[in-house]
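Asks:
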Amino acid sequence: MKKIIPINAEANFVSAKPINTTSPVLGDATLSGLTNPPPLSLYIHIPWCVKKCPYCDFNSHESRTDIPEKRYVAALIADL
14 MKKIIPINAE
24 ANFVSAKPIN
34 TTSPVLGDAT
44 LSGLTNPPPL
54 SLYIHIPWCV
64 KKCPYCDFNS
74 HESRTDIPEK
84 RYVAALIADL
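Numbering-wise, this note's numbering puts 34 at position 21 of the sequence shown, and it's gapless, one number per residue.
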């Protein structure tokens, strides 16, 4: 019987991505005719983690200092 030897290697894994449970995005012309438009969902990705998980394929990076979440979200909102 062969031994299973663990290796320290990175591999690509599929992780669960946020999903939109509302209706698909509609064009402005279509939305203007609606009296009750569908709800809108928005995912904001914070690209810093305390530790990068080996299975994670999100665009994220370990931060060795404080994570500027509030400044980052404020900048995103200002950009929208």
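Ideal Cβ positions, reconstructed from N, Cα and C, are used throughout, including at glycine.
Pull up the CB-CB distance for T59 and E75, whole angstroms please, since I reckon it's below 8 Å.
Replies: Here residue 59 refers to the residue found at position 46 when the sequence shown is read from its first residue. Here residue 75 refers to the residue found at position 62 when the sequence shown is read from its first residue. The amino acid occupying residue 59 in the given sequence is Ile; Thr does not appear at that position. Rounded, the Cβ-Cβ distance is 13 Å, inconsistent with contact.
Asks: Just the C-alpha distance for C87 and I80, rounded to the nearest angstrom, thanks.
Replies: As a position in the sequence shown, residue 87 is number 74, starting the count at 1. As a position in the sequence shown, residue 80 is number 67, starting the count at 1. According to the sequence shown, residue 87 is Ala rather than Cys. Whole-angstrom Cα-Cα distance: 14 Å.
Asks: Could you pull the DSSP bridge partners for H74 from this structure?
Replies: To locate residue 74, count along the sequence shown from 1; it is residue 61. Beta-bridge pairing links H74 to W61.
Asks: For chain D, is any of its Cβ atoms less than 8 Å away from the one on I90?
Replies: Checking the listed chains, one finds no chain D in this structure; it contains a single protein chain.
Asks: Taking R84 as the reference, give the member of W61, L55 and K65 with the closest Cα.
Replies: As a working mapping, residue 84 is identified with position 71 in the sequence shown. The shortest Cα separation from R84 among W61, L55 and K65 belongs to W61.
Asks: Could you check which residue in L55, R77 and Y68 has the C-alpha nearest to that of I90?
Replies: Working through the sequence shown from its first residue, we reach residue 90 at position 77. The option with the nearest alpha carbon to I90 is L55.
Asks: Over the uninterrupted alpha helix (DSSP H) stretch that includes I90, give me the two end residues.
Replies: Position 77 of the sequence shown holds residue 90. Its alpha helix (DSSP H) spans residues E82 to D92.
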